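S.K.: There's a structure below that I have some questions on.
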Amino acid sequence: MTVGAARGADGVNTGQIISGAGHLAVIGWALFGGAFRSDPPPFEVVEAMAISSEDYAAILAASSAPEAVANVNTPEPPAPGENAPALASGADSAPAQSQPAANAAPPPDPVPTPPEPVPAPAEVTDTAPEVAPPAEDVAALVPQVSPRPQPRPAPRVAPEPVAPSEPDVRVDDVARPEVAPDAGAVVEEAPQEATAPEEAATEIVTEAERPRDPAPTASPRPRARPAPRPAPAPEAAPTEAAPTETAARPETPQETQAPPATDRGAVSDALAAALGQGTPTPERPAGPPLTAGEKDALRVAVQRCWNVGSLSSEALATTVVVTVRMFETSKPDTSSIRMLSHSGGSAEAARQAYEAARRAIIRCGNDGFDLPPEKFGQWRDIEMTFNPERMRIK
Amino acid sequence: MMRSLLTLIAALTLWGLPAMAQQGGPLRLEITEGVIEPMPVAVPDFVADTPAAQEFARNIARVIAADLTGTGLFREIPADAHISRITSFESPVQFADWRAINAQVMVTGAVNVDGAGRVVVRFRIYDVFAGQELGQGQQLVGQRDGWRRIAHKVADQVYARITGEGGYFDSRVVFVSESGPKNQRAKRLAIMDYDGANLQFLTDAASLVLAPRFSPTGDRVLYTSYETGFPRIYVLDVASVGRRALPTLEGTMAFAPRFAPDGRTVLYSLTQGGNTDLYSMDIGSGASTRLTTAPSIETAPSYSPDGRQIVFESDRSGTPQLYIMSASGGEARRISFGEGRYGTPVWSPRGDLVAFTKQSKGRFHIGVMRLDGSEERLLTASFLDEGPTWAPNGRVIMFTRETQGAQGEARLYSVDITGRNLRQVTTQGGASDPSWGPLQN
Numbered sequence: 000m001t002v003g004a005a006r007g008a009d010g011v012n013t014g015q016i017i018s019g020a021g022h023l024a025v026i027g028w029a030l031f032g033g034a035f036r037s038d039p040p041p042f043e044v045v046e047a048m049a050i051s052s053e054d055y056a057a058i059l060a061a062s063s064a065p066e067a068v069a070n071v072n073t074p075e076p077p078a079p080g081e082n083a084p085a086l087a088s089g090a091d092s093a094p095a096q097s098q099p100a101a102n103a104a105p106p107p108d109p110v111p112t113p114p115e116p117v118p119a120p121a122e123v124t125d126t127a128p129e130v131a132p133p134a135e136d137v138a139a140l141v142p143q144v145s146p147r148p149q150p151r152p153a154p155r156v157a158p159e160p161v162a163p164s165e166p167d168v169r170v171d172d173v174a175r176p177e178v179a180p181d182a183g184a185v186v187e188e189a190p191q192e193a194t195a196p197e198e199a200a201t202e203i204v205t206e207a208e209r210p211r212d213p214a215p216t217a218s219p220r221p222r223a224r225p226a227p228r229p230a231p232a233p234e235a236a237p238t239e240a241a242p243t244e245t246a247a248r249p250e251t252p253q254e255t256q257a258p259p260a261t262d263r264g265a266v267s268d269a270l271a272a273a274l275g276q277g278t279p280t281p282e283r284p285a286g287p288p289l290t291a292g293e294k295d296a297l298r299v300a301v302q303r304c305w306n307v308g309s310l311s312s313e314a315l316a317t318t319v320v321v322t323v324r325m326f327e328t329s330k331p332d333t334s335s336i337r338m339l340s341h342s343g344g345s346a347e348a349a350r351q352a353y354e355a356a357r358r359a360i361i362r363c364g365n366d367g368f369d370l371p372p373e374k375f376g377q378w379r380d381i382e383m384t385f386n387p388e389r390m391r392i393k
Numbered sequence: 000m001m002r003s004l005l006t007l008i009a010a011l012t013l014w015g016l017p018a019m020a021q022q023g024g025p026l027r028l029e030i031t032e033g034v035i036e037p038m039p040v041a042v043p044d045f046v047a048d049t050p051a052a053q054e055f056a057r058n059i060a061r062v063i064a065a066d067l068t069g070t071g072l073f074r075e076i077p078a079d080a081h082i083s084r085i086t087s088f089e090s091p092v093q094f095a096d097w098r099a100i101n102a103q104v105m106v107t108g109a110v111n112v113d114g115a116g117r118v119v120v121r122f123r124i125y126d127v128f129a130g131q132e133l134g135q136g137q138q139l140v141g142q143r144d145g146w147r148r149i150a151h152k153v154a155d156q157v158y159a160r161i162t163g164e165g166g167y168f169d170s171r172v173v174f175v176s177e178s179g180p181k182n183q184r185a186k187r188l189a190i191m192d193y194d195g196a197n198l199q200f201l202t203d204a205a206s207l208v209l210a211p212r213f214s215p216t217g218d219r220v221l222y223t224s225y226e227t228g229f230p231r232i233y234v235l236d237v238a239s240v241g242r243r244a245l246p247t248l249e250g251t252m253a254f255a256p257r258f259a260p261d262g263r264t265v266l267y268s269l270t271q272g273g274n275t276d277l278y279s280m281d282i283g284s285g286a287s288t289r290l291t292t293a294p295s296i297e298t299a300p301s302y303s304p305d306g307r308q309i310v311f312e313s314d315r316s317g318t319p320q321l322y323i324m325s326a327s328g329g330e331a332r333r334i335s336f337g338e339g340r341y342g343t344p345v346w347s348p349r350g351d352l353v354a355f356t357k358q359s360k361g362r363f364h365i366g367v368m369r370l371d372g373s374e375e376r377l378l379t380a381s382f383l384d385e386g387p388t389w390a391p392n393g394r395v396i397m398f399t400r401e402t403q404g405a406q407g408e409a410r411l412y413s414v415d416i417t418g419r420n421l422r423q424v425t426t427q428g429g430a431s432d433p434s435w436g437p438l439q440n
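Residue numbers (numbering that gives the first Met the number 0), protein chains in the order written: chain V, 0 to 393; chain L, 0 to 440.
See below:
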């Protein structure tokens, strides 16, 4: 062994002792100190009470559940008697549906009587308030679109008006002589028109109790018919309903070319040009616009009745634009159905295509389309373009 | 800078205004998908104005209903489903009752037998859901034994009013009636109504007859007969059943004749010296003109409706294919390029399609294609389908279908050009080689 090695051996011994003691301390702390022990699961603490064996036996004796089960009268099966159906192989008639005798029926199971509930202190009376009989039914000719909340009936009042209470009387300290009316004095009164005496009604008839007037209270102004739509295709034959908007538009750029005097004028001129020479903006329909789903539902409903199977080849190549005005009941006004334009075929073919489209609208609208009533203003007038391109013979 | 900003605002405003304005108009929808189904039609029994007309009133209504439903485009609502009864032709129609049974079209009529014994039929057509009469009421008069034709004419009017196309019910078909076992089959020319009624034989079974073809007016029939042992073309007058042979050269075989639209010229094939070419013949003078000179087989010619072109079958490319050329001959252009063999082309009365027989992969088909060969559609498929002929309105094709085996038999079938409504035509016994005649006057 060399010196160095001996020193090293000596040094190692001291260091190993210190290191070993340190490791032992750490390992011991880890094992017994709870470093590797997980927290115990939460548990509930229940208070327990120690009882004696006599008390426990008494508790068991008080439990009568097994006895209740044993005392149940099980029904006996009905004995084969005269009423039993005979097993005859040749008989094809239905066996008599006789029931066992009544005495054979098992007694009903004893129903435990539930403890009577303790009546809680009632804050309201159990008796229903008397409801005044509804007013006489009146046939409503006009459907009520937007039912308003019904006002509550006012309480009934006395048949005669109650005299107002007298003001507080206080005896004046100063005595005053009684004033006698002057017999000779003439009191001039201003002429007054005869008025009806103030009468008190025997009862107040509220708005809720008043029978509803069947007549409409307002007559909305009929909306203008929609302007005819221009023919979709430039090669379309001229139709009865000539497009008017397109005829007026060529004049539009002519006036917009006028140089604006100011910036504000340029903007206003541009707006005027966009609005079509100051023509009034078409009446905006009431209600929110139809959603895509609502439009699709209407489209599918019409498609379901659009039968093109009997159309000629030429009619199947003809696109027709049909307008229809709807009733508020979501049914089409059949007399309002018109063909606005057609393209792709002769007038005869367009007539066949239009008649098929009309049948589709009427047939599937016979029971009313599924349209939101609150958006009536949006679907009051409908333009449908029946394009059979995808229905042609391929 | 300010000016540019205002101009930009104005431009943006203009861009958005059309959409705003559009919201103010009517609700706009585009309907692109429909249904294809038979239209429900109600044909209640016609009202008999006289006791003698009762049977006619009932039978005429039945024939009308059968005509309409036979097209596949209409579906009759049975009489026991009717809520209302038509007891008077003049009484207003209770549309609600007919709407309730979903009748979309209704035909009412009245029949009378006048003092001269003629049958007088009045009828009206109604669009039930629109509550309107379609067109105006009409009246037809005919002989008692022609009551079926009256019924067919009424059905033609209804069909035309609803579909926009001409009808084909008052038409006849000439064909080859077949009887006997397959190896010894007797063939006769016969003529019948399009629905198989009123069958009449035009020739006896003494000699083999083939390929009858109606004239454009329906008064004559061309056909090929082996009466002399060689095929020869005859022209037969339908009314008198008189016939005569067309002139031909000795040692030649003439067959596959077809009238030109003018009715004065006949196209046919002539085999001479082992080569078959197309010829045209003036019926009055008997003068023939050779139209093709190819060494291949040219046959089954058919005129276009205007008589200016001819579609025919030729194997000049190695397999039978379809070609179109001028009616006076000249260079032909091929129109069929599909797989298989094409034959017996027939030009549509509308002029837009050619019907043909196609053999491919051991099956026979009846098909149609455009004049340039595009949009080929095979309408049928069977062991043996052949010999198409067009209905007068160009909507329906009749053809021969023969079943397989020793007991196989040829029958007539019809199919819509859409490929729907395949139906067997009622005939007495076997039938083949139909030729659909024009609408009768």
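Glycine residues also receive a C-beta, built at the ideal position from the N, C-alpha and C atoms.
Only a predicted model underlies this, so the values are computations on that prediction, with no experimental measurement involved.
1. What separation, rounded to the nearest whole angstrom, lies between the Cα atoms of Ser206/L and Tyr302/L?
2. Keeping to the same chain, check which residues put their C-beta closer than 7 Å to that of Leu421/L; ignore five residues upstream and five downstream.
3. Taking any Cβ of chain V, which residues in the stretch 33-46 of chain L have a Cβ under 9 Å from it, in chain order?
4. Would you check if the stretch 429-437 of chain L and the stretch 163-178 of chain L touch, i.e. whether three or more CB-CB distances between them fall below 8 Å?
5. Below 8 Å on the Cβ atoms is my guess for Asp194/L versus Thr388/L; work out the distance and round it to an integer in Å.
6. For His341/V, report the span of its beta strand (DSSP E) as first-last.
7. When Cβ atoms are compared, which residues of the stretch 361-385 of chain V fall closer than 9 Å to chain L?
8. Assuming Glu293/V is part of the beta strand (DSSP E), what are its boundary residues?
9. Quick one: does Gln253/V have its CB under 8 Å from some CB of chain L?
10. Please confirm whether Val367/L and Leu352/L have their CB atoms less than 8 Å apart.
11. With 16 as the cutoff for other CB atoms within 10 Å, does Gly291/L come out buried or exposed?
12. Three-state secondary structure (DSSP) at Arg333/L?
13. If you compare alpha carbons, which of Ala238/L, Gly108/L, Gln103/L is closest to Arg84/L?
14. Where do the N-terminal and C-terminal ends of the alpha helix (DSSP H) with Trp97/L fall, by residue?
15. I'd like to know whether the C-beta of Arg27/L is nearer than 8 Å to at least one C-beta of chain V.
16. Cβ of Tyr222/L within 8 Å of Cβ of Val395/L?
17. Assuming Val118/L contacts Ile149/L (C-beta within less than 8 Å), just tell me the rounded distance between them.
18. Per DSSP, which residues does Ser381/L bridge with? Please list them.
19. Under 7 Å Cβ-Cβ, which residues of chain V neighbour Gln103/L?
20. What is the residue span of the alpha helix (DSSP H) that Asp155/L lies within?
21. Tell me the rounded alpha-carbon separation between Leu28/L and Ala349/V.
22. Is it right to say Lys360/L is buried, meaning 16 or more other beta carbons lie within 10 angstroms of its own, or is it exposed?
23. Cβ closer than 7 Å: which chain V residues qualify as neighbours of Phe128/L?
24. Under 7 Å between beta-carbons, which chain L residues line up against Ala314/V? List them in chain order, please.
25. Would you be able to state if there are at least three C-beta pairs under 8 Å between the stretch 314-321 of chain L and the stretch 272-280 of chain L?
26. From this set, Ile334/L, Val42/L, Thr402/L, which residue's C-alpha is nearest Leu370/L's C-alpha?
27. Which residues, in chain order, does the stretch 359-379 of chain L contribute to contact with chain V at a C-beta distance below 7 Å?
28. Can you give the Cα-Cα distance for Trp378/V and Glu132/L, rounded to whole angstroms?
29. Give me the residue from Phe229/L, Asp169/L, Met252/L, Asp305/L with the minimum Cα distance to Val62/L.
30. Here's a check: name, in chain order, each residue in its chain whose Cβ is nearer than 7 Å to the Cβ of Val130/V, leaving out the five neighbours to either side.
31. Can you pull the DSSP bridge partners for Thr70/L?
32. Are the Cβ atoms of Phe88/L and Val42/L separated by less than 8 Å?
33. Roughly how far, in whole angstroms, is the beta-carbon of Arg357/V from the beta-carbon of Val301/V, given that I think they are within contact range, below 8 Å?
34. Measure the C-alpha to C-alpha separation of Leu438/L and Pro391/L and round it to an integer number of angstroms.
35. Starting from the N-terminal side, write out each stretch of the alpha helix (DSSP H) that is 4 residues or longer and does not extend beyond the stretch 346-381 of chain V.
36. Grouping DSSP H, G and I as helix and E and B as strand, with all else coil, what is Asp203/L?
M.R.: Looking at the coordinates:
1. Counted from its first residue, the second sequence places residue 206/L at position 207. Counted from its first residue, the second sequence places residue 302/L at position 303. Cα to Cα, the separation comes out at about 28 Å.
2. If you number the second sequence from 1, residue 421/L lands on position 422. Correct list, in chain order: Thr379, Tyr412, Val414.
3. Taken in chain order, the members of the stretch 33-46 of chain L whose beta-carbon sits within less than 9 Å of a beta-carbon on chain V are Gly33, Val34, Ile35, Glu36, Pro37, Met38.
4. With the cut-off at 8 Å, the stretch 163-178 of chain L and the stretch 429-437 of chain L touch.
5. If you number the second sequence from 1, residue 194/L lands on position 195. If you number the second sequence from 1, residue 388/L lands on position 389. Going by Cβ atoms, the distance from Asp194/L to Thr388/L rounds to 15 Å, so no, they are not a contact pair.
6. Residue 341/V sits at position 342 when you count from the first residue of the first sequence. Counting along the chain, the beta strand (DSSP E) containing His341/V begins and ends at 337-342.
7. Listed in chain order, the positions of the stretch 361-385 of chain V with a beta carbon within less than 9 Å of a beta carbon of chain L are Ile361, Arg362, Asn365, Gln377, Trp378, Arg379, Asp380, Ile381, Glu382, Met383, Thr384, Phe385.
8. Residue 293/V sits at position 294 when you count from the first residue of the first sequence. For Glu293/V, there is no enclosing beta strand (DSSP E); the enclosing alpha helix (DSSP H) has its first and last residue at 291-302.
9. The residue you call residue 253/V lines up with position 254 of the first sequence. Its pLDDT being 37, under 50, Gln253/V is placed unreliably by the model, and the measurement read from it follows with that caveat. Not one chain L Cβ lies under 8 Å of Gln253/V.
10. Translated into positions along the second sequence, residue 367/L becomes position 368. Translated into positions along the second sequence, residue 352/L becomes position 353. For the 8 Å CB-CB criterion, Val367/L and Leu352/L form a contact.
11. Locating residue 291/L in the second sequence gives position 292, where the first residue counts as 1. Note that residue 291/L is Thr in the sequence shown here, rather than Gly. Counting C-beta atoms within 10 angstroms of its own C-beta, Thr291/L has 16 or more neighbours from the protein chains shown and is therefore classed as buried.
12. Against the second sequence, residue 333/L aligns to sequence position 334. Residue state, collapsed to three classes: strand.
13. Numbered from its first residue, the second sequence carries residue 84/L at position 85. Of the candidates Ala238/L, Gly108/L, Gln103/L, Gly108/L places its Cα closest to the Cα of Arg84/L.
14. The residue given as residue 97/L occupies position 98 in the second sequence. Counting along the chain, the alpha helix (DSSP H) containing Trp97/L begins and ends at 94-99.
15. Locating residue 27/L in the second sequence gives position 28, counting from the first residue. Chain V, which has a Cβ nearer than 8 Å to the Cβ of Arg27/L, makes this yes.
16. Within the second sequence, numbered from 1, the residue matching residue 222/L stands at position 223. Within the second sequence, numbered from 1, the residue matching residue 395/L stands at position 396. For the 8 Å CB-CB criterion, Tyr222/L and Val395/L do not form a contact.
17. As a first step, residue 118/L is located in the second sequence; it is residue number 119 there, counting from the start. As a first step, residue 149/L is located in the second sequence; it is residue number 150 there, counting from the start. The Cβ separation is near 6 Å, so the contact holds.
18. In the second sequence, the residue the question calls residue 381/L occupies position 382. Beta-bridge pairing links Ser381/L to Phe363/L.
19. Taking the second sequence and counting its residues from 1, the one referred to as residue 103/L is at position 104. Within 7 Å Cβ-Cβ: Arg358.
20. Position 156 of the second sequence, counted from the first residue, corresponds to residue 155/L. Unbroken alpha helix (DSSP H) run through Asp155/L: 146-162.
21. Translated into the one-based positions of the second sequence, residue 28/L becomes position 29. Translated into the one-based positions of the first sequence, residue 349/V becomes position 350. Put simply, the backbone Cα of Leu28/L is about 18 Å away from that of Ala349/V.
22. In the second sequence, the residue the question calls residue 360/L occupies position 361. Looking at its Cβ environment, which holds fewer than 16 other Cβ atoms inside 10 Å, Lys360/L is exposed.
23. Start at 1 with the first residue of the second sequence, and residue 128/L comes out as number 129. For Phe128/L, the chain V residues whose C-beta falls within less than 7 Å of its own C-beta are Arg358, Ile361, Arg362, listed in chain order.
24. As a first step, residue 314/V is located in the first sequence; it is residue number 315 there, counting from the start. Per Cβ cutoff of 7 Å: Gly163.
25. No, the stretch 272-280 of chain L does not touch the stretch 314-321 of chain L.
26. Position 371 of the second sequence holds residue 370/L. Cα-wise, what sits closest to Leu370/L is Ile334/L.
27. Within the stretch 359-379 of chain L, no residue has a Cβ that lies closer than 7 Å to any Cβ of chain V.
28. To locate residue 378/V, count along the first sequence from 1; it is residue 379. To locate residue 132/L, count along the second sequence from 1; it is residue 133. Looking at the two C-alpha atoms, the distance is approximately 29 Å.
29. Position 63 of the second sequence holds residue 62/L. The shortest C-alpha separation from Val62/L is found at Asp169/L.
30. Residue 130/V sits at position 131 when you count from the first residue of the first sequence. Because the pLDDT of Val130/V is 45, which lies under 50, any placement of that residue in the model is unreliable, and the question is left without a value.
31. By 1-based counting over the second sequence, the position of residue 70/L is 71. DSSP output for Thr70/L lists no bridge partner at all.
32. By one-based count along the second sequence, residue 88/L stands at place 89. By one-based count along the second sequence, residue 42/L stands at place 43. No, these two residues do not count as a Cβ contact at 8 Å.
33. For the purposes of this step, residue 357/V is taken as residue 358 along the first sequence, with counting starting at 1. For the purposes of this step, residue 301/V is taken as residue 302 along the first sequence, with counting starting at 1. The distance from the Cβ of Arg357/V to that of Val301/V is about 11 Å, inconsistent with a contact at the 8 Å cut-off.
34. Within the second sequence, numbered from 1, the residue matching residue 438/L stands at position 439. Within the second sequence, numbered from 1, the residue matching residue 391/L stands at position 392. CA-CA distance, Leu438/L to Pro391/L, rounds to 7 Å.
35. Within the stretch 346-381 of chain V, the complete alpha helix (DSSP H) runs of at least 4 residues are 346-363, 375-378.
36. As a first step, residue 203/L must be located in the second sequence, where it is residue number 204. It is coil, neither helix nor strand.
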